[in-house]
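In the working numbering, the protein residues as written are 10 to 89.
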């Protein structure tokens with residue numbers, strides 16, 4: 010099964026990378042852009058025949074390694 014994981018900083022956490030991208034976009038003439046947030050996208054395959062088991066494993070991976078639950082939120086989608 011293919012799993013797509015999205016990791017983003019929580020709303021109250023300052024995003025210096027997002028701010029740098031926003032400033033760069035402004036310097037390129039895209040003045041209408043604001044509140045840029047940068048995150049991570051992780052795609053992987055899990056050898057499982059059960060969607061429920063793939064979801065359980067993905068949640069565990071996110072909480073143990075892929076995301077820092079103190080400052081990041083995550084979501085994922087299991088396909089197939």
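For every residue, glycine included, the Cβ atom is placed at its ideal position computed from N, Cα and C. Quick caveat, the model's predicted, so the values are computed rather than measured.
Return the chain-ordered list of same chain residues with a C-beta closer than 6 angstroms to the C-beta of residue i, the five sequence neighbours on each side being excluded.
{"i": "residue 60", "result": "87"}
{"i": "residue 13", "result": "52 and 86"}
How would you call residue i, buried or exposed, if buried means at least 16 neighbouring beta carbons within 10 angstroms?
{"i": "residue 58", "result": "exposed"}
{"i": "residue 18", "result": "buried"}
{"i": "residue 50", "result": "exposed"}
{"i": "residue 164", "result": "This structure cannot settle anything about residue 164, because the visible part of the chain is limited to 10 through 89."}
Leaving out five residues on either side along the sequence, give the residues of the same chain with a beta carbon under 7 angstroms from the beta carbon of residue i.
{"i": "residue 89", "result": "10 and 11"}
What number of angstroms, rounded off, separates the C-alpha of residue i from the C-alpha of residue j?
{"i": "residue 62", "j": "residue 70", "result": "12 angstroms"}
{"i": "residue 33", "j": "residue 42", "result": "10 angstroms"}
{"i": "residue 38", "j": "residue 31", "result": "11 angstroms"}
Margin query: So, does the region 42-49 touch the region 17-31, judging by three or more C-beta pairs under 8 angstroms?
Written below: Touching, yes, given that three or more Cβ pairs across the two stretches are closer than 8 angstroms.
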